[in-house]
């Protein structure tokens, strides 16, 4: 798979998330997906994402940096949002916060099989 193809697939995945198009998630995420070393499966991954949108109604994934080296993708995502209550154990309660997530993906058969995510929680704490 070429880097440009993987980039297009990944951008489609981000559009799927931003549109909360949960039935289409299986086009981008492998049934046997792992998240930060834990097997969550597609249903667990979807539940996690749905929970993120419940906690952050205005959640929007913004690609700040994207590097593709098949079968892997590295991305820096930017967020500017107003979580309704707790976020990563911090009482945000509707205040606007800006933070980043550095995330790495490994694809298998054109779909995400492994995800490793690090969220800049210190940036959120500094704003509170």
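In the working numbering, the protein residues as written are 1167 to 1294.
Using N, Cα and C, we set each Cβ at its ideal position, and we do this for glycine too.
In this text, all values refer to a predicted model and were calculated from it rather than measured experimentally.
Measuring CA to CA, which of the options is closest to residue i?
i, options, result
"residue 1286", "1275, 1225 and 1266", "1266"
"residue 1168", "1191, 1235 and 1195", "1235"
"residue 1179", "1204, 1279 and 1206", "1279"
"residue 1251", "1181, 1202, 1222 and 1244", "1222"
"residue 1291", "1207, 1254 and 1177", "1254"
"residue 1277", "1238, 1249 and 1181", "1238"
"residue 1192", "1207, 1203 and 1201", "1207"
"residue 1261", "1294, 1213, 1289 and 1229", "1294"
"residue 1171", "1202, 1256, 1233 and 1213", "1233"
"residue 1249", "1229, 1224 and 1201", "1224"
Just the C-alpha distance for residue i and residue j, rounded to the nearest angstrom, thanks.
i, j, result
"residue 1217", "residue 1275", "27 Å"
"residue 1174", "residue 1210", "24 Å"
"residue 1226", "residue 1199", "22 Å"
"residue 1258", "residue 1268", "21 Å"
"residue 1185", "residue 1219", "11 Å"
"residue 1231", "residue 1189", "27 Å"
"residue 1177", "residue 1288", "27 Å"
"residue 1187", "residue 1181", "8 Å"
"residue 1213", "residue 1204", "14 Å"
"residue 1303", "residue 1256", "With the chain running from 1167 to 1294 in the structure shown, residue 1303 is simply not present."
"residue 1245", "residue 1196", "25 Å"
Taking 8 Å as the cut-off, decide whether the C-beta atoms of residue i and residue j are in contact.
i, j, result
"residue 1263", "residue 1241", "no"
"residue 1270", "residue 1282", "yes"
"residue 1215", "residue 1183", "yes"
Can you determine whether any heavy atom of the ligand GTP sits closer than 7 Å to the C-beta of residue i, and answer yes or no?
i, result
"residue 1213", "You won't find the ligand GTP in this model; it holds no ligand whatsoever."
Handout entry: Those runs of the beta strand (DSSP E) which lie wholly inside the stretch 1228-1294 and span at least 3 residues
Key = 1228-1235, 1238-1247, 1263-1274 and 1277-1285
Handout entry: Unbroken stretches of the alpha helix (DSSP H), 4 residues or longer, contained in the stretch 1169-1228
Key = 1169-1184 and 1207-1221
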